[in-house]
């Protein structure tokens, strides 16, 4: 039986934007306010956002205070052994994957710099039209 990442169950039938991140990753931290805004804008359109934290066991105690301090409004899952990351061939942080209702990865973006939020919105809009 093929293993399915747990976020498939969290997302249900929604289009899902998956954000792989870590507390030590500066571009990841930079992206968080933008991801909060994107989630607020797109959740009513049927888009689910799941942040997958890949900090190892040593840093796990930092994750919850970090999430609270950044006021992250979307679902956060922990992947301390980086199993989901490996399953989806993610090798750099941050990495965003857009997964459609058929559980297919339809868009991928690595890294984050100011302005990338417009690329994310463009991808969401395009794939919402094709839903």
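Residue numbers (the working numbering): 39 to 169.
Quick reminder that beta carbons are idealized off the backbone N, C-alpha and C, glycines included.
Predicted model only: the values in this text are computed from it and were never measured.
Original post:
Excluding sequence positions up to five away, which residues of its chain have a Cβ less than 6 Å from the Cβ of residue 39?
Top reply: Residue confidence is low: residue 39 scores 35 on pLDDT, short of 50, so the model does not pin down where it sits. No coordinate-derived value is stated.
**OP:** Please confirm whether residue 132 and residue 69 have their CB atoms less than 7 Å apart.
**Re:** Cβ distance < 7 Å, so residue 132 and residue 69 count as in contact.
Subject >> Residues that DSSP places opposite residue 145 in a beta bridge >> reply: Residue 145 pairs with 136.
Subject >> Limits of the unbroken beta strand (DSSP E) element including residue 101 >> reply: Run containing residue 101: none in the beta strand (DSSP E); it sits in the alpha helix (DSSP H), 98-107.
Subject >> Buried versus exposed, by CB contacts within 10 Å (16 or more), residue 168 >> reply: When all chains shown are included, residue 168 counts as exposed.
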